[in-house]
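Below: one structure, written as structure tokens.
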């Protein structure tokens, strides 16, 4: 069975661990914290949060605190803090190699596109994003007016073509 979720595997676990590293929270508080952290783009459902909390608890990464006013709160254990550190190391390695962390929400744009084409467009977008960040990084390291003008020309050309395509798809005149 193909994984079709919009959110990449491990994304939710990382954000739950990160939230609990700040302070003990309930499942609903974690959902709100993640919604706030993603600027309202995504709020995990109870159906994704509570099974994950159970898994983290079963594996000793979090523990349940005594209930306050009927609200179950969880906190990280030493094992959970270690797991969070491992996750942060992976994220930092990706950030270092790529220059940024890809957003998990790209897939939302392509939900109605056939799977094989989704793979192609996702790869093209990834290459474009990586190229943009690498050029930006190199421009900071080795700035020249000529290199900046070449980068601006390339970005303006690609942006213009995509804007034209968007207008065409909307049925707007050029």
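Residue numbers (the working numbering): 2 to 175.
By construction, the Cβ of each residue, glycine as well, lies at the ideal position given by its N, Cα and C atoms.
The segment 40 to 47 makes no contact with the segment 60 to 80: fewer than 3 CB pairs, one atom from each, lie closer than 8 Å. Straight across, the Cα-Cα distance linking residue 173 with residue 164 is about 11 Å. Under the three-state reduction of DSSP, residue 66 is assigned to coil, being neither helix nor strand. For residue 72, no alpha helix (DSSP H) segment is defined, and its DSSP state is neither H nor E. Burial state of residue 17 is buried, judged by a 10 Å Cβ sphere holding 16 or more other Cβ atoms. Our two residues, residue 20 and residue 89, have alpha carbons roughly 13 Å apart in a direct line. Cβ-Cβ distances below 7 Å link residue 84 to 18, 62 in the same chain, with the five nearest sequence neighbours on each side left out; the list follows chain order. Here DSSP, grouped into helix, strand and coil, assigns residue 173 to coil. Cα atoms of residue 125 and residue 135: separation of roughly 15 Å, rounded to the nearest angstrom. Nearest neighbour of residue 78 by Cα position, chosen from 120, 122, 23, turns out to be 23.
Here residue 121 is exposed, its C-beta having fewer than 16 other C-beta atoms within 10 Å. For the options 31, 167, 123, the alpha carbon positioned closest to that of residue 74 is the one of 31. Contact annotation, residue 53 with residue 14: C-beta distance approximately 6 Å; criterion of less than 8 Å satisfied. Residue environment for residue 81: buried (at least 16 other C-beta atoms within 10 angstroms of its C-beta). Within a 10 Å sphere around the beta-carbon of residue 144 sit fewer than 16 other beta-carbons, which makes this residue exposed.
By the CB criterion at 8 Å, residue 51 and residue 28 fall inside the cutoff.
Residue pairing by DSSP places residue 126 in no beta bridge whatsoever.
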